[in-house]
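Protein chains in written order, with my numbering: chain A, -14 to 200; chain B, -14 to 200; chain C, -14 to 200; chain D, -14 to 200.
4 protein chains.
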Amino acid sequence: MPIEFKLRTHSNDEALVKARRTHIVHCCTRVFAKKGYSHSSMRELAKACEMSIGNLYHYFGSKDQILYSIINDATLRQVEYVEHFAEETSRLDPNSGLRELIRKFFEWHDSNQNVTLFIYQETRALPQKAQKQIFESENRIHAIFETAIKRGVASGDFRVSEPGLIANNIMVIGHAWALRRWSLQKGWTFESFAAGEIEAIMGTLCIQGGNLPAK
Amino acid sequence: MPIEFKLRTHSNDEALVKARRTHIVHCCTRVFAKKGYSHSSMRELAKACEMSIGNLYHYFGSKDQILYSIINDATLRQVEYVEHFAEETSRLDPNSGLRELIRKFFEWHDSNQNVTLFIYQETRALPQKAQKQIFESENRIHAIFETAIKRGVASGDFRVSEPGLIANNIMVIGHAWALRRWSLQKGWTFESFAAGEIEAIMGTLCIQGGNLPAK
Amino acid sequence: MPIEFKLRTHSNDEALVKARRTHIVHCCTRVFAKKGYSHSSMRELAKACEMSIGNLYHYFGSKDQILYSIINDATLRQVEYVEHFAEETSRLDPNSGLRELIRKFFEWHDSNQNVTLFIYQETRALPQKAQKQIFESENRIHAIFETAIKRGVASGDFRVSEPGLIANNIMVIGHAWALRRWSLQKGWTFESFAAGEIEAIMGTLCIQGGNLPAK
Amino acid sequence: MPIEFKLRTHSNDEALVKARRTHIVHCCTRVFAKKGYSHSSMRELAKACEMSIGNLYHYFGSKDQILYSIINDATLRQVEYVEHFAEETSRLDPNSGLRELIRKFFEWHDSNQNVTLFIYQETRALPQKAQKQIFESENRIHAIFETAIKRGVASGDFRVSEPGLIANNIMVIGHAWALRRWSLQKGWTFESFAAGEIEAIMGTLCIQGGNLPAK
DNA sequence: CATGAATGAGGTTTCATTCAT
DNA sequence: TATGAATGAAACCTCATTCAT
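This is the structure:
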């Protein structure tokens, strides 16, 4: 269960608060992504949100809370997203199911490159308690991939000694598309990257050769 | 070419300057690793170096230059290190050579976890020009792995359609040992991690099953 | 003459306005007494009054005006109160009359400890003109005590060279019950304090005694 | 024993720190006395100290600490002063001794009117712990007066049922010279005030004169 | 009459950098 | 060479007040 960090606010209207917070998180993510957390001043953030500084503080008690919300919201969305597709792909055979799940995971990180980058760079700035929460979410995603791999092992489709490491690899490869975009996005489109990496990962898992799509 | 930054004093004793700089880089890395770049003040850094603030400024013109030196020094050392073992392992057969090279690469990141973490988190804070330089070094390492893979392909030892992606994977997996240590270092020792990942990577490359060293 | 401050809305219902103002003064006094004037925000005050901030501003044009009203209302009530009992006790003999008057004065400050404290601490924050007004009220009370003492001197009941100083002492002793309650209210109940102090004061005044240094 | 509040400082040179702190306390007392604590900005304080704002923060970690130092230093000086004269006057007969002690006490408050005013107005702004310390000092002074009175009672010079209340009165009368100067200093010089009040107080204490309720 | 979201000036505080010693 | 006191710009944040609803 995510620890609820009390986001202090001076406002009462819940719907408004939610809408404004979403707006702020959205706008600030862009600023942070461009300039980094500590080089973005509240003045810039307020301007990016088209709000006064004071009003920003009606919805977030501090700059740190904005940071926290960006990271936490994104992490929770990611978990939800991955859980959704884990459910969906669990109806397919283990091989196709995992391929599809990995692809969906990659797609998330393609669509949320700024956030992925951001999480790697700024999570440390959060208080311990908040970091724990982020790590917890990461662990849940890791567990999903591990489970999907183990299903294939159980069915005889995969052969792998360390499912936990492969699950980890899937994740960092997905992250890499964002983190190392300065390199990867020069040589690959998202499509070619995703296809190539999925083959590479499945190659590790599958017993022999036939890990390529049917000829 | 490394960006040259100017000394603030005209030292006659080049050796002293070099020693002091190394000392500073060493001590500041620890502080930065613990508290993050922007939460470390020059006062703290000076204290960690057992120097006065003023003296720090004799050896580095600004806080940014220390950051730059840490990242750049480490990156150059890494390139040198990897190039050294690339040379060394090029005498082995492609399979064993690559295994050994990966292991050495992983070992470097095991020994330099703080720096690896640091590079991911703070490179963005550097000026464009410095970032380019770091990326350049990363590219050189990437090229080394790609070359080593291609050698195996040419010799018929490996079968792989996208050597560039595999080279990328090797790197991010090595980095992950540091970046995701809060997760990985709970379930694996360095030894078990390295062995497991090398098998996984080689499994992707090798034609069939025999991803174990030839008997 | 009390300074007149303007309402911000044209209310038709004078009674409502008066009631609301009384309510606000009452509630804000409690908040100010607990947290001090400048550490109490309008938000807190509004909450304490169970009103919106906006509505508060219908009844008081500014935070300063609330402060002023608290102090001024209390001061005027005090003057009225003391004048009432001065009238009442003037029918008794000077000795009993003064005793009774002092007791009533003490009782007022016992019942209005927060206000007494408040007046000492925050009067300075008021504009000069308002301060003058408060001082004026204090002077009226002082004059009442001085008159009561002089009546006793005239009648031969009291012997005192500086009635003004004694009047001053009566006042500050009454205030002290509130101002120094952290000390006095540990060692004395209000009853024991009042009785003891009245004896002490009357001891200064009364005849036999050569309360002058022996010649 | 006074609790030592750690005055955070960035400075090492103890003598300099002491000198600067004394200077700051001196200058800021004047500003605070004129404008009140919360209406004095750090900018004004720095200007009054003829220092930069940043440098002020080398010697005091916060505005609150300056406030605390002013009040605490003054209080400690006062205790020391009173203790000194208590010692001195204990060699005289009880009557002359107490007279002299009261006069010295009054003199201190005449010379430190701003501080006296200040303590009454701003002590509440201090953290609980600091307030306790101030109250503790006040208690020590109170005890000194109480002791001096009891000495006179023991010797038969004074007759008084509540020495604690008289001690309290002495103190608040001394404070009143500062707190109510807008009134008192119009009608009395310090000399006439001190002489008059000492007579009044001694009148309460001295034997003949039935300062007990009429038989 | 009542509300409370919005404003933005101005508060306290931090900290990279300089320079006299 | 080495020191650290001094600087002041700029950061984060608060809050009295306004005004559209």
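We put the beta carbon where it would ideally sit given N, CA and C, even for glycine.
Residue-chain proximity (residue i, chain A), Cβ-Cβ < 8 angstroms
{"i": "F175(B)", "result": "no"}
{"i": "F120(B)", "result": "yes"}
{"i": "S146(B)", "result": "yes"}
{"i": "E123(B)", "result": "yes"}
{"i": "E85(B)", "result": "no"}
{"i": "T189(B)", "result": "yes"}
Integer Cβ distance of residue i from residue j, believed to fall under 8 angstroms
{"i": "I151(D)", "j": "L190(D)", "result": "7 angstroms"}
{"i": "Y22(C)", "j": "L41(C)", "result": "Rounded, the Cβ-Cβ distance is 15 angstroms, inconsistent with contact."}
{"i": "N252(B)", "j": "I158(A)", "result": "Only positions -14 to 200 of chain B appear in the structure, and residue 252(B) is not among them; the question remains open."}
{"i": "A59(B)", "j": "V100(B)", "result": "4 angstroms"}
{"i": "R134(A)", "j": "P148(A)", "result": "Here residue 134(A) is Ile; the residue named in the question, Arg, does not match the sequence. Indeed, because the Cβ distance is near 4 angstroms, the residues count as touching under 8 angstroms."}
{"i": "W93(C)", "j": "Q118(C)", "result": "Wrong, their Cβ atoms sit about 19 angstroms apart, outside the cutoff."}
{"i": "G137(B)", "j": "N80(B)", "result": "7 angstroms"}
{"i": "S54(C)", "j": "V2(C)", "result": "Rounded, the Cβ-Cβ distance is 12 angstroms, inconsistent with contact."}
{"i": "A71(A)", "j": "I129(A)", "result": "5 angstroms"}
{"i": "R15(D)", "j": "Q106(C)", "result": "With 8 angstroms as the limit, R15(D) and Q106(C) do not qualify as a contact, their Cβ atoms being about 20 angstroms apart."}
{"i": "D95(C)", "j": "W162(C)", "result": "6 angstroms"}
{"i": "I87(B)", "j": "I183(B)", "result": "6 angstroms"}
{"i": "L61(B)", "j": "S122(B)", "result": "7 angstroms"}
{"i": "T74(C)", "j": "E65(C)", "result": "Actually they do not touch by this definition, with Cβ atoms about 15 angstroms apart."}
{"i": "S(-4)(A)", "j": "F120(B)", "result": "Not confirmed; about 44 angstroms, so no contact."}
Closer than 8 angstroms to chain C by CB, residue i
{"i": "A185(D)", "result": "yes"}
{"i": "G181(D)", "result": "yes"}
{"i": "T(-6)(D)", "result": "no"}
Bridge-paired residues (DSSP) for residue i
{"i": "F143(A)", "result": "C191(A)"}
Contact residues within the segment 149 to 173 of chain B, judged by C-beta distance below 9 angstroms to chain A: G149, L150, I151, N153, N154, M156, V157, I158, H160, A161, L164, R165, W167, S168, L169, G172 and W173
Which residues of the segment -4 to 9 of chain A have a Cβ closer than 9 angstroms to any Cβ of chain B? Give them in chain order. none
In chain order, what residues of the segment 95 to 109 of chain C put their CB closer than 7 angstroms to some CB of chain D? Of all residues in the segment 95 to 109 of chain C, Y105, Q106 and R109 have a Cβ within less than 7 angstroms of some Cβ in chain D.
Note down, in chain order, all residues in the segment 126 to 142 of chain B with a beta-carbon under 9 angstroms from any beta-carbon belonging to chain A. H127
Chain A contacts from the segment 16 to 43 of chain B (Cβ-Cβ distance under 7 angstroms): G21 and S23
Complete runs of the alpha helix (DSSP H) confined to the segment 91 to 171 of chain A [at least 4 residues]: 98 to 107, 113 to 140 and 148 to 164
Taking only runs of the alpha helix (DSSP H) that begin and end inside the segment 20 to 93 of chain A, which ones reach a length of at least 4 residues, in chain order? 27 to 33, 38 to 44 and 48 to 74
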